[in-house]
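Novice: Protein chains in written order, with this note's numbering: chain A, 126 to 770; chain B, 126 to 770.
The structure is given below, and queries will be raised subsequently.
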C-alpha cells in the first residue's frame with residue numbers, strides 16, 4: 126500500500142534531532158527482557174520493575190543530571206525514548222533527574238552537589254520533589270509547610286501544620302526515595318521570608334523512614350502504577366542550615382538572609398524553575414508513547430481485514446475513509462508537534478543563564494504550549510487508536526490503555542494544561558500591554574486589509590463589528606499561515622477589548638478572566654500554540670531533504686488544517702473564514718487523509734520504533750500471537766501455552 | 126450555591142422510570158462491604174470478587190432471565206444500578222442474563238428451558254455467548270466454526286477449523302462458565318444451512334474444562350479486569366441433536382431441517398437478536414457509571430477551593446467558567462439521554478413478538494443510537510471529569526479511570542459505535558427508498574422555505590446549490606427542534622444525492638459509502654440520534670412535575686445546543702445557520718452553563734446516587750480521607766493507618 130518517498134531511518138534521525146548515540150544506546154538496552162511489558166503483576170512488583178528498569182538505564186550511563194549543564198537536549202531525548210518503553214520508569218526518572226536532581230544542581234551549591242550529584246546519576250540516592258500540598262496543588266505559593274530557623278541550634282525545623290499541608294502526589298516517595306526537596310515558607314525570627322527549598326532526608330540507606338517523617342502510600346492509581354506516590358508529612362523535623370538550597374538565597378552562620386530575588390513571588394518562581402524543563406520532559410515522554418501507539422494502530426489497520434466490496438473479509442480497514450479520517454490527522458500532528466518540539470528544545474538549551482525577561486518568557490510560553498499540546502495529543506491519539514482498534518485495543522498487551530492514562534497523567538501534571546493555557550494568554554496580553562500598544566498593538570500585527578474593521582471593532586462595540594473575512598486557497602501554506610496568524614491576533618485584540626470593557630463596567634480582572642472570558646482565554650492560547658507549531662513545521666521544511674518536502678508539506682498542512690477544522694465553528698461564527706472556505710477545508714482534509722493514508726506505513730516507520738520495541742501484538746503477527754494460550758502476556762515465561770512450531 | 130426547584134428523590138424516581146423496588150433492593154444490597162470498590166488486588170481476586178457480587182445479586186432474586194417475558198424494563202434497570210456499582214459485575218451479568226440467558230430463552234425450546242433457566246437465575250449454571258471469532262469480529266456472518274450433523278450418531282460435531290475461527294473475547298469463559306452458546310455454520314449433508322446456535326457444555330460443575338474444548342485466558346485488559354475473557358476452540362466436540370437452539374429452525378430425528386427464516390442472512394439476524402437488548406444493557410450500564418462519575422466530579426468541584434479574587438484559596442472551582450463549561454453540558458446530556466433512553470426501553474418492551482418490519486427497524490435504530498450516544502457520552506464524561514478533577518481524578522479510588530475504560534468497553538462492544546452509526550444511516554436511506562420517495566422523500570420532511578433550494582440542489586449539482594439558512598431564536602425550543610430536523614433531513618437528502626451521483630459515475634455503493642462519504646454517513650446518523658433525543662426530552666417535559674419545567678427545559682436545551690455547538694463547523698459551512706446564529710449559540714451555551722451551574726449540586730442529587738454508593742473520596746470529605754494512611758483503599762481493613770479520632 127505504501128510508496129515511501131523517504132528512507133525511514135533517515136526520517137527517524139531527522140525527527141529525533143539530537144543525541145542519536147544516547148537514543149541508540151537506550152534502544153539497544155531495551156532488547157533486554159527486563160524491558161518487555163508485563164501485565165499480571167502485583168503493585169509491589171510493578172514498582173520494583175520500574176525501579177530496576179531505571180537502574181539499568183543509570184548503570185548504562187545513559188543519563189546524567191549534569192546534562193543540564195552541557196547537553197540539555199540529552200535529558201529530553203532520554204525522556205522520549207524511555208517514554209516509548211514505559212511511562213512508570215519515565216516518571217520515576219523525570220523526578221529523579223529533572224525535578225529533584227535539576228533542582229539540587231541549579232538551586233544548590235557545592236555542598237549539595239558534592240553530597241548528591243554522583244549518587245543521583247547512579248541512583249544510589251533517590252530523590253523526590255516536595256512542592257505540591259494537598260490543599261494547594263493549584264496555588265502553591267499559598268503552601269503551609271514551614272521551615273523555621275532555630276538560631277540556638279543553627280537548624281531548620283521543617284513542619285507540616287495540617288493534613289492540607291502534607292506534600293501530596295510525591296513520586297518516588299512511597300517506597301524508594303532517600304531525600305525530598307521540601308519547599309516551605311522560610312520563617313526567620315517570626316517573619317515569613319517566602320518559599321525556599323530544603324534537602325531533607327526521609328529514609329536511611331536501608332529504606333527505613335526517618336523519625337518525624339510520615340510517609341503514606343497513595344496506593345493504586347488509574348495507571349502508571351510502577352510509580353510510588355506518597356503523601357509526606359513532617360513533625361518538627363530538624364535539618365542543618367546547610368540543607369537550604371542556597372544558590373540564590375543565603376543564610377549566613379549568624380542568621381542573616383540575603384536574597385538575589387526581592388519579592389516573595391519572584392523567589393517562588395525562581396525555585397520552581399525545574400517545572401519549565403519538567404514540562405519539556407513530559408512533552409518528550411508523551412510524544413514517545415504517542416509514536417508507539419500510533420505505530421501499532423497503523424500497522425494493525427494495514428493488516429486487519431474486514432468486509433470488502435463482495436462481502437468477504439478481504440479489505441484492510443485502513444482502506445476505509447472512517448479509519449483514515451480518524452488516524453491520519455494524528456500521524457500528521459505527531460510529525461508537526463515533533464518538529465515544533467525540537468525547536469523549543471533548541472530555544473530552551475540556548476537560554477543558558479539568560480536574565481533577559483523577554484527571552485525567558487518566550488521560552489516559558491513555548492514550553493507551556495508544547496506540554497499542553499503534546500499531552501492532549503497523546504491522550505487523543507491513544508483514545509482514538511483504542512476505539513479504532515476495537516476489541517484488540519482493549520487488551521492490555523496492545524498498550525493503548527497505557528497511552529490513554531499516560532496522556533491523562535501528562536495533561537494535569539506540572540500544571541493543568543488549561544491553567545498553562547491561561548498563563549500563555551496572560552503573557553501574550555501582558556506583552557502587548559508592556560509595549561504600550563494594548564489593543565492597538567494587536568492591530569499592528571494584523572495584515573493590512575483587516576486593520577480597518579478591527580479598528581472599528583476596537584473603537585466601538587465588538588459585537589456590532591462586522592469582521593473582515595479572509596479569502597484564499599487553503600491548500601496554499603502561506604494562506605494557512607495567514608489564517609493562523611489572523612486568528613491569534615484577532616483573539617488577542619478581542620480579549621484585550623473584553624478586559625477593557627469589563628474594567629469600564631467596574632468588573633475586576635479576576636471576574637472577567639475567570640467567570641466570563643474563559644473560552645476566549647483558551648481560544649487565544651490555542652491559536653498561539655497552533656500558529657507556533659505551523660511556523661516551526663514550515664521552517665523545518667527548509668532543513669530537510671528536499672525530496673521529502675512534498676510529503677512533509679502535505680503532512681504539516683493536514684496537521685494545521687485539522688486544527689482549523691476542529692475550530693471551524695468559532696472560525697466561521699467569528700467571520701474569519703467564509704462557509705465556502707469551511708466546505709473547502711473539509712474537502713481538502715478528506716483528500717489529504719486519503720493521499721497520506723496510502724503512505725501511512727512508511728510514515729509511522731519514520732517514527733523509528735524498532736521491531737523489538739513493537740511489543741503490541743497488533744503491531745506484528747497478531748494471528749500467531751493468538752494461536753496459543755498467551756494469557757495476555759508478552760514474555761514467554763508468563764504465557765501459559767507454548768507457541769506451536 | 127444550590128437553589129433546587131425540585132425534590133431530588135422525586136427527580137430520581139422520575140429519571141429511574143420503572144422498577145423502583147428492584148432498584149431500591151439493589152441499592153440496599155450494595156450497603157454490604159462486598160460491594161465497596163477494592164484496588165490493590167490480584168487478577169484472580171478481582172474476578173472472584175465480580176462473581177461473588179453477581180452471586181449476591183442473584184441470591185437476592187433481583188434479576189431473572191424470565192424478566193424478558195414479563196418485565197423487560199427490569200433487566201435494564203438492574204443493569205443501570207449494577208453499572209453504578211461495578212462494571213465488571215455488570216458485564217458478567219449482562220452476558221449471563223442477556224446474551225446467554227436471553228438467547229436460551231428466546232431461541233431455545235422447552236428442553237433448553239428446563240435444563241437451564243432456573244440455573245441461570247441462581248447462577249448454578251454460568252454461560253457465555255460464542256458469537257465473535259478472532260478473524261470475524263466485524264463480519265460475523267462469515268464465521269468459520271462449523272456444527273456438522275452426524276446422522277449415524279444423531280449428534281452435531283462442533284469444530285474450530287483455524288485460530289482465526291476461535292471464539293474470541295468470550296466473557297465468563299476464562300474461569301467461570303459451564304456452557305457456551307456456540308454460533309456455527311450448520312453443515313447438513315455437505316450443505317451449509319447458515320448460522321445456528323448450539324448449547325455446548327465447556328466445564329463440569331467442578332469447573333474442569335471438558336475434553337475437546339480449549340479455553341485460553343485472555344489475561345489482563347485495560348480495565349474491567351473482574352471479567353474473565355477467553356478464546357475458546359473446539360476440536361470435533363460432539364453434542365446431541367437437542368443442543369441446537371430450535372425455536373425457529375428444527376432438525377427432526379430423521380435429519381430434516383425446517384426453518385422459519387429462509388435466507389442465510391435472515392437466519393443469522395434472528396439469532397443475534399439478543400444484541401438488540403444487549404445494546405440497551407450496555408447503554409444502561411454506562412449510563413449508571415456516568416451518573417456516579419459526574420456526581421463525584423460536581424461534588425468535588427463544589428468543595429475544592431482554589432485561587433479567588435484576592436489570591437487566596439477561597440473559591441470553589443465550580444465557580445470558574447472553565448469548570449462550568451466543561452461539566453454542565455455533561456450533566457445536561459446525562460438528563461436528556463436518560464429520558465430518551467427511557468422512551469427507547471418503552472419501545473423495546475412494547476415490541477413483544479412483533480413481526481412488523483417497520484416497527485422493528487424503528488426500535489433497532491433507537492437501540493443503536495442509544496448505545497452509541499450513551500457509551501460515547503460515558504467516555505467523554507469520565508475523561509472530562511478526570512481532567513477537571515486534576516490529580517484527584519488520577520487516584521483509582523476516585524473511580525474516573527473505571528469510567529473512562531468502561532466507556533471504551535461500551536463504545537466497541539456489541540457493535541463498534543461507528544458501525545452502528547453506519548447501520549442507522551443505511552436504514553434511514555433504505556426507508557426513504559422504500560417509501561418510493563428516494564431523494565424527494567427527504568424533501569417532504571423539509572420545512573416549506575427550504576424546499577425550493579433543496580429541490581434545486583437535488584436536481585442539479587449539490588456543490589453549486591445555495592442552501593437556505595434557518596433564522597430564529599436558539600433559546601426557543603421549537604426553533605431548536607426545527608434546526609435539528611432540518612439538519613437530519615438535509616443530510617439524508619445530501620447522502621442520497623451523493624450515492625446517486627456515485628452510481629452515475631459508475632461507482633459501487635461500497636466505494637462511495639466506505640471510501641468517500643464516511644463523514645456524511647456518520648453526520649446523518651448523529652443528526653438522527655440527537656434529533657430523537659431532543660424530541661424525547663421535550664416529550665418528557667409533558668410528563669414531569671410542572672414545577673420542574675423551567676430547570677429541565679433549560680437542561681434539555683443545553684444538551685441539544687451543546688450538540689449543535691460541537692457540530693457548529695459543519696452547520697455553518699453547510700449554511701444551515703448564519704455566523705450570527707453561531708455566535709448566539711455560543712453565548713447562549715455560556716449563559717446556560719452559568720445559570721445551571723448554580724444548581725449543579727441539586728441536579729446531580731437528582732441522579733440518586735445514595736451516600737453509601739458515593740465511594741469516591743472526592744464525592745465526600747476528601748480532607749478526612751487524606752488525614753490518615755489510606756493506601757488508596759476504601760475498606761478500612763485494606764488501609765494502613767486508622768483514621769484519627
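Glycine included, C-beta positions come from ideal geometry on N, C-alpha and C.
Note that the structure is predicted; figures quoted are calculated from it, not measured.
Given a limit of 7 Å on CB to CB distance, which residues of the region 445-471 of chain A reach chain B?
Specialist: Answer in chain order: 445, 446, 447, 450.
Novice: Contact criterion: CB-CB distance below 9 Å. Does residue 432 of chain B meet it with respect to chain A?
Specialist: Residue 432 of chain B counts as touching chain A.
Novice: Checking contacts by CB at 9 Å: is residue 739 of chain B closer than that to chain A?
Specialist: Not an interface residue.
Novice: Go ahead and pull the three-state DSSP assignment for residue 252 of chain B.
Specialist: In the structure shown, residue 252 of chain B sits in a strand (DSSP, three-state: E or B).
Novice: Would you tell me roughly how many angstroms separate the C-alpha atoms of residue 750 of chain B and residue 682 of chain A, rounded to the nearest one?
Specialist: So the alpha carbons of these two residues sit roughly 50 Å apart.
Novice: With respect to the beta strand (DSSP E) encompassing residue 292 of chain B, which residues constitute its N-terminal and C-terminal limits?
Specialist: Run containing residue 292 of chain B: 292-296, per the beta strand (DSSP E) assignment.
Novice: Under 8 Å Cβ to Cβ from residue 136 of chain B, same chain only, skipping five residues before and after it: list those, please.
Specialist: So the qualifying residues of the chain are 673, 730, 731, 733.
Novice: Output the boundary residues of the beta strand (DSSP E) element that contains residue 395 of chain A.
Specialist: Unbroken run through residue 395 of chain A is the alpha helix (DSSP H), 389-396; no beta strand (DSSP E).
Novice: Can residue 179 of chain B and residue 209 of chain B be called in contact, C-beta distance under 9 Å?
Specialist: Cβ atoms of residue 179 of chain B and residue 209 of chain B: not closer than 9 Å.
Novice: Kindly indicate which residue of A:739, A:675, A:265 has the alpha-carbon position closest to the one of residue 392 of chain A.
Specialist: Taking only the C-alpha atoms, the option nearest residue 392 of chain A is A:265.
Novice: Relative to chain A, which residues along the region 487-515 of chain B have a C-beta separation below 7 Å, given in chain order?
Specialist: Answer in chain order: 511, 512, 515.
Novice: Just the chain B side, please: which residues come within less than 7 Å of residue 381 of chain A by C-beta, in chain order?
Specialist: Correct list: empty, because the minimum Cβ distance to chain B is about 29 Å.
Novice: Determine, using beta carbons only, whether residue 139 of chain B comes closer than 9 Å to chain A.
Specialist: So, not an interface residue.
Novice: Counting only Cβ pairs nearer than 8 Å, list the residues of chain B close to residue 751 of chain A.
Specialist: What residue 751 of chain A touches in chain B: 259, 288, 291, 293, 356.
Novice: The beta strand (DSSP E) that contains residue 275 of chain B, what's its start and end?
Specialist: Element bounds for residue 275 of chain B: 271-275.
Novice: Using DSSP with H/G/I as helix, E/B as strand and the rest coil, what is residue 591 of chain A?
Specialist: With a pLDDT of 44 at residue 591 of chain A, under the threshold of 50, the modelled position of that residue is not reliable, and the figure given next carries that caveat. Looking at residue 591 of chain A - three-state DSSP - the assignment turns out to be coil, as it is neither helix nor strand.
Novice: Using only the alpha-carbon positions, how far apart do residue 271 of chain A and residue 334 of chain A sit?
Specialist: Roughly 20 Å separates the two Cα atoms.
Novice: Using C-beta distances below 6 Å, list every residue in its chain close to residue 518 of chain A, excluding the 5 sequence neighbours before and after it, in chain order.
Specialist: Cβ within range, chain order: 511, 525.
Novice: Determine whether the beta carbon atoms of residue 514 of chain B and residue 460 of chain B lie at a separation below 9 Å.
Specialist: Their beta carbons are not under 9 Å apart, which means residue 514 of chain B does not touch residue 460 of chain B by this criterion.
Novice: DSSP state of residue 235 of chain A, grouped into three classes?
Specialist: If DSSP states are grouped into helix, strand and coil, residue 235 of chain A belongs with the helices.
Novice: Going straight from the alpha carbon of residue 657 of chain B to that of residue 410 of chain A, what length do you get?
Specialist: Computed Cα separation, rounded: 43 Å.
Novice: For residue 310 of chain B, which of helix, strand or coil comes out of DSSP?
Specialist: Three-state DSSP puts residue 310 of chain B in a strand.
Novice: How would you label residue 388 of chain A, buried or exposed, when you count the other beta carbons within 10 angstroms and need 16 or more for buried?
Specialist: Under this definition residue 388 of chain A is an exposed residue.
Novice: Alpha helix (DSSP H) containing residue 200 of chain B: first to last residue?
Specialist: Residues 197-210.
Novice: Within its chain, find whatever has a CB closer than 6 Å to the CB of residue 379 of chain B; leave out the 5 residues flanking it on each side and keep chain order.
Specialist: Here the set comprises nothing.
Novice: Is the region 244-260 of chain B in contact with the region 281-293 of chain B, if contact means three or more CB pairs nearer than 8 Å?
Specialist: Taking 8 Å as the limit for Cβ pairs, the verdict is that the region 281-293 of chain B does touch the region 244-260 of chain B.
Novice: Taking CB distances under 9 Å as the criterion, tell me whether residue 746 of chain B reaches chain A.
Specialist: It does not: the Cβ of residue 746 of chain B has no partner Cβ on chain A nearer than 9 Å.
Novice: Taking 8 Å as the limit between beta carbons, can you name the residues of its chain near residue 366 of chain A, skipping five residues before and five after?
Specialist: Here the set comprises 274, 279, 280, 281, 376, 378.
Novice: Below 7 Å on C-beta distance, what does residue 704 of chain B contact in chain A?
Specialist: Within chain A, the residues near residue 704 of chain B are 697, 698, 700.
Novice: Report the residues of the region 666-697 of chain B with a CB closer than 7 Å to any CB of chain A, ordered along the chain.
Specialist: Listed by position along the chain: 690, 693, 694, 697.
Novice: Contact between the region 632-643 of chain A and the region 478-494 of chain A is defined here as three or more beta-carbon pairs at a separation below 8 Å; is this criterion met?
Specialist: As far as the Cβ criterion goes, the region 632-643 of chain A does not touch the region 478-494 of chain A, which means the pair count is below three.
Novice: Buried or exposed, going by whether 16 or more other CB atoms sit within 10 Å of the CB of residue 690 of chain A?
Specialist: Buried, because 16 or more other Cβ atoms sit within 10 Å of the Cβ of residue 690 of chain A.
Novice: Counting only beta-carbon atoms, is residue 130 of chain B nearer than 9 Å to chain A?
Specialist: Residue 130 of chain B does not count as touching chain A.
Novice: In its own chain, which residues sit with a C-beta less than 7 Å from the C-beta of residue 190 of chain A, not counting the 5 before and 5 after it?
Specialist: Excluding residues within five positions, the ones whose Cβ falls inside 7 Å are 222, 226, 227, 230, 242, 245, 246.
Novice: Could you check how far apart the C-beta atoms of residue 165 of chain B and residue 168 of chain A are, in whole angstroms? I think they sit under 8 Å.
Specialist: About 5 Å separates the two Cβ atoms, so the contact holds.
Novice: What ranges does the beta strand (DSSP E) occupy inside the region 349-374 of chain B, keeping only unbroken runs of at least 3 residues that lie completely in it?
Specialist: Segments of the beta strand (DSSP E) lying fully in the region 349-374 of chain B: 354-359, 362-365.
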